[in-house]
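For the sequence shown, my numbering gives the first residue as 167, with consecutive numbering after it.
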Amino acid sequence: MSEDEKKAKRSKKATTNGTVGLFDPMTLRGMTVRNRIWLPPMDTYSALAQDGLPTPFHYQHYVSRAMGGFGMVIVEATAVTPEGRISLCDLGLWADEQMDAWRWIVADAKAAGATMAVQLNHAGRKASTGCFSIGYEHESVPEEQGGWQTVGPSANAFGPLDKPRELTVDEIHAIVDQFRDAAWRAYDIGFDAVEIHAAHGYLLSQFLDPLINEREDEYGGSFDNRIRILVEVVDAVRSVIPDTMPVLVRVSATDWAAGGWDLDQTVDLAKVLKEHGVDLMDVSTGGMIPGVTIPVKPDYQVPFAEQVRSRAEIPTTAVGLITKPKQAKKILKSGAADAIEIGRAALRDPNWPLRAAHKLGIPTEDAPYQPQYVRGAY
Numbered sequence: 167m168s169e170d171e172k173k174a175k176r177s178k179k180a181t182t183n184g185t186v187g188l189f190d191p192m193t194l195r196g197m198t199v200r201n202r203i204w205l206p207p208m209d210t211y212s213a214l215a216q217d218g219l220p221t222p223f224h225y226q227h228y229v230s231r232a233m234g235g236f237g238m239v240i241v242e243a244t245a246v247t248p249e250g251r252i253s254l255c256d257l258g259l260w261a262d263e264q265m266d267a268w269r270w271i272v273a274d275a276k277a278a279g280a281t282m283a284v285q286l287n288h289a290g291r292k293a294s295t296g297c298f299s300i301g302y303e304h305e306s307v308p309e310e311q312g313g314w315q316t317v318g319p320s321a322n323a324f325g326p327l328d329k330p331r332e333l334t335v336d337e338i339h340a341i342v343d344q345f346r347d348a349a350w351r352a353y354d355i356g357f358d359a360v361e362i363h364a365a366h367g368y369l370l371s372q373f374l375d376p377l378i379n380e381r382e383d384e385y386g387g388s389f390d391n392r393i394r395i396l397v398e399v400v401d402a403v404r405s406v407i408p409d410t411m412p413v414l415v416r417v418s419a420t421d422w423a424a425g426g427w428d429l430d431q432t433v434d435l436a437k438v439l440k441e442h443g444v445d446l447m448d449v450s451t452g453g454m455i456p457g458v459t460i461p462v463k464p465d466y467q468v469p470f471a472e473q474v475r476s477r478a479e480i481p482t483t484a485v486g487l488i489t490k491p492k493q494a495k496k497i498l499k500s501g502a503a504d505a506i507e508i509g510r511a512a513l514r515d516p517n518w519p520l521r522a523a524h525k526l527g528i529p530t531e532d533a534p535y536q537p538q539y540v541r542g543a544y
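Printed below as a string of structure tokens:
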């Protein structure tokens, strides 16, 4: 049975019994993802030449997860400008010269059955940090060591990091253009979808948060003003990719701080983004305000995905301490989310979906095995 025939069979089954399972396909804008187990974007800080280029490590990392059965593989935070890197060792798509290095990774991961997406990012005030290969982890790298002056919506620092410079309106417009150009490169490379990073305290989420954004112009103050740059980025991205290509947005549904960004604002944001062509909200939390207390435990972010999904009527993913197959199945069956992202558990087990299929009693022929590996099925 071909992969397309398997997808059709599972889709028919899901439609018939009214229950969506982990191994049922999901369709966004006519693009079918083979199952509901996705690899979320997790920065590996491994562009060690500091040129934004992927390396053999990235090939092994992403293609192995594709071969391990993940439905969608979302490449880690990829900077739209050198100054937008979280660390000096972040990946990038800010130049045409970077495109060819991506093609073999994307092509081979897709050949293994995965849908490939890339997360586009600007780190704002959380940029210019170090990585394991050069030191200065979680610290600002001095300019003489390759660091740079960071920027943000306002000139306030994140914890111990260096104070950013407030962006001008012209610079904001230029950053919107950089997201647009990076999205076009992603399309040309062969990525199936684009995710815009508006979470975890990076630039776009800095604009969203009233505790960070102190501007008094059209990009600060009111809710509509604070979301303006993100809406402009979405419109710019949509303008250069096909209508059939999905756009995802990762968002922190709360900053866990009184008076800051919260669930109600996230729901309102999702409603706006849906009208501008966003197809799915990748729902996380936190990372915006240092020193807050986060009630971390299994499923702790699932209620946020559920609320965004039900109130904004837009597909969502659930992520965060989801480690067990039965746990993931229960979340999906409850209707809290449309797909489940397996993060750190996937770092230690590239074959997590295949192991989950075995534990859940999914027949081998319905599990996302590579044909060469069926003989080794659990």
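Ideal Cβ positions, reconstructed from N, Cα and C, are used throughout, including at glycine.
- For the region 182 to 265, the continuous beta strand (DSSP E) assignments of 3+ residues that do not extend past its boundaries occur at 192 to 194, 197 to 199, 238 to 245, in sequence order.
- The beta carbon of P376 sits closer than 8 Å to those of R392, G425, G426, W427, all from its chain and outside the five residues before and after it, given in chain order.
- Here A348 is buried, its C-beta having at least 16 other C-beta atoms within 10 Å.
- Scanning the region 267 to 295 from its first residue to its last, the whole beta strand (DSSP E) runs of 3-plus residues come out as 281 to 287.
- Counting C-beta pairs with one atom in each stretch, the region 297 to 310 and the region 266 to 284 have fewer than three that are closer than 8 Å, which means they do not touch.
- Within its own chain, the residues whose Cβ lies closer than 7 Å to the Cβ of A511, once the five positions on either side in sequence are excluded, are T489, W518, listed in chain order.
- Burial check for A215: the Cβ neighbour count within 10 Å stays below 16, so the residue is exposed.
- The C-beta distance from D266 to A213 rounds to 15 Å, too long to fall under 8 Å, and the pair is not in contact.
- Contact check for L446 and V400: beta-carbon distance about 12 Å, past the 8 Å limit, so the pair fails to qualify.
- DSSP assignment within the region 485 to 519 yields the following whole alpha helix (DSSP H) runs of 4 residues or more, N-terminal first: 491 to 500, 510 to 514.
- Y535 places its beta carbon less than 9 Å from that of A543.
- The way I'd put it, the region 474 to 487 doesn't touch the region 453 to 460; fewer than three beta-carbon pairs between them come closer than 8 Å.
- Relative to the Cα of D515, the nearest Cα in the group P222, L194, V199, H227 belongs to H227.
- Assignment of H524 by DSSP, reduced to helix, strand and coil, places it in the helix class.
- A direct Cα-Cα distance of roughly 30 Å separates N322 from V413.
- Burial is judged here by how many other beta carbons sit within 10 angstroms of a residue's own beta carbon; G325 has fewer than 16 and is exposed.
- In the structure shown, G313 falls within a coil segment according to DSSP collapsed to helix, strand and coil.
- G301 has C297 as its beta-bridge partners, per DSSP.
- Distance from the Cα of M238 is smallest, within the candidate group Q538, I528, I506, for I506.
- Using a C-beta cut-off of 8 Å, the region 427 to 437 makes no contact with the region 351 to 358, since fewer than three inter-stretch Cβ pairs fall below that distance.
- DSSP, reduced to helix, strand and coil, places G542 within a helical segment of the structure shown.
- Shown here, E441 sits in a helix according to DSSP, grouped into three states.
- A residue is called buried once 16 or more other Cβ atoms fall within 10 Å of its Cβ, and D383, having fewer, is exposed.
- Only residues of its own chain outside the window of five on either side were considered, and among them D409, T410, M411, P412, D445 have a CB closer than 8 Å to the CB of R195, listed in chain order.
- Put simply, the backbone Cα of I341 is about 19 Å away from that of E380.
- Exposure of K463 is indicated by the presence of fewer than 16 other C-beta atoms within 10 angstroms of its C-beta.
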